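Residue numbering for the sequence shown follows this note's numbering, beginning at -16 and increasing consecutively.
We put the beta carbon where it would ideally sit given N, CA and C, even for glycine.
Computed from a predicted model, the values in this text were never measured in an experiment.
Take a look at the structure below.
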Amino acid sequence: MRASYGTSSVPYFIWRETDEKVPEWATRQPSTLRLIPLNLDINHGYAKEQVVNSEVAKRQAAAGERVHHLEQWAQASRVRLTQLLAQAQSLEEQTRAHQQRRDELFIQVTHFEETGRTEERDYFPVKARHLAADWEVRRRQAKLEKNATRRQSQMDKCEEYCRELRQVLRRQEDLQAQARDMYELDHSKDQIMTLLKVGLANLGMWVRDHYFGESYQHCGWQRLLPFFQLGGWITTTASEVQLDVCAFNNRALRRDLEEVCRNVNSSGAILPDGRHLVVTVGERLRTHGLNGPLARTS
């Protein structure tokens, strides 16, 4: 079974202990050291920070822009409706004035006609002014009808804008109520731990390849782990660091440990600070207290 853990920078493939056949490409990997015992498949934790829900924010922005436009259009309709109402009021006043003028002229025309004085010179100007006043009344009444039609249209538009505005505002409230909290995960801690584990695996492979015997060249961590868990003593001087490792109670493991010590000493291992590393095998383990990490003692 193939699996990868941590970051994509880990250049190793992890194989569990199964009976299934290992594919040919897996045998061409740089090492057969299994990393599962290093717990690379464990998450060491992550930090999270609440962030804006991008999808909800996008919808809210679109709804907010729509609300802004609808409010502008509704306000423009109200302004236009107010102007039409003022125009209608002015037309009504003008119509009443012309109607009054027409009625007065109509009385004069009727007086001329009833007395049979239609052939007189004064009759024709009065009749003309009467017809002109009647035409002005009709013209303003037509304007009033057109104004009423426009007012109704603007009122319908304003009501439509307000109705849609209420729907959009309700949709915004629903989006806010149904929005889920979104968090941004910070995997840096888990990635750092994975890199440290891979570094430890590389160190283990390097130690195995350089200092362990031939029988250990293709072993896994289960077999190497007892060597790295041995207790012992460290003695430091200006020129060297002497590592006195506790011996195994098992004779075979003790022979292998002595071989490792001989390989380290014969190779002339030098630590990063320039001092020589000397490894020796000490006494056998007698208490559980010595079965632990190396103690820093001088």
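On a Cα-Cα basis, can you pick out the residue from the options that is closest to residue i?
{"i": "S222", "options": "R154, V261 and R104", "result": "V261"}
{"i": "E241", "options": "G251, S250 and A230", "result": "A230"}
{"i": "W118", "options": "Q212, T98, F89 and R104", "result": "F89"}
{"i": "N246", "options": "A235, K126, E197 and C202", "result": "E197"}
{"i": "Q68", "options": "S171, R100 and K129", "result": "Residue 68 is actually Leu in this sequence, not Gln. Ranking S171, R100 and K129 by Cα distance to L68 puts K129 first."}
{"i": "Y194", "options": "T101, F95, S250 and Y106", "result": "S250"}
{"i": "T218", "options": "H259, D105, L152 and D239", "result": "H259"}
{"i": "T220", "options": "L254, R237 and H201", "result": "L254"}
{"i": "W189", "options": "D86, T177 and L207", "result": "L207"}
Beta carbon of residue i, beta carbon of residue j: below 8 Å?
{"i": "R134", "j": "A71", "result": "yes"}
{"i": "G215", "j": "G265", "result": "yes"}
{"i": "R123", "j": "L158", "result": "no"}
{"i": "H81", "j": "A116", "result": "yes"}
{"i": "L127", "j": "T78", "result": "yes"}
{"i": "Q168", "j": "E54", "result": "The question names Gln, but residue 168 in the sequence shown is Leu. Going by C-beta atoms, L168 is not nearer than 8 Å to E54."}
{"i": "A57", "j": "C141", "result": "yes"}
{"i": "F162", "j": "V39", "result": "In the sequence as presented, Phe is not what sits at residue 162; that position holds Ala. Yes, Cβ-Cβ distance for A162 and V39 is below 8 Å."}
{"i": "Y106", "j": "R112", "result": "no"}
{"i": "Q33", "j": "D164", "result": "yes"}
{"i": "R49", "j": "V151", "result": "yes"}
{"i": "L236", "j": "P209", "result": "yes"}
Assuming residue i contacts residue j (C-beta within less than 8 Å), just tell me the rounded distance between them.
{"i": "K31", "j": "Y166", "result": "4 Å"}
{"i": "G187", "j": "W204", "result": "7 Å"}
{"i": "V109", "j": "Q91", "result": "5 Å"}
{"i": "S60", "j": "Q137", "result": "5 Å"}
{"i": "Q212", "j": "T263", "result": "So it is not a contact: roughly 18 Å between Cβ atoms."}
{"i": "A46", "j": "R153", "result": "Wrong, their Cβ atoms sit about 10 Å apart, outside the cutoff."}
Report the partner residues of residue i according to the DSSP bridge assignment.
{"i": "V262", "result": "L226"}
Sequence ranges, beta strand (DSSP E) only - wholly within the region 161 to 233, length at least 3: Look at the region 161 to 233 and you find these whole runs of beta strand (DSSP E), each 3 residues long or longer: 165 to 169, 215 to 219 and 223 to 230.
Unbroken stretches of the alpha helix (DSSP H), 4 residues or longer, contained in the region 22 to 99: 37 to 97
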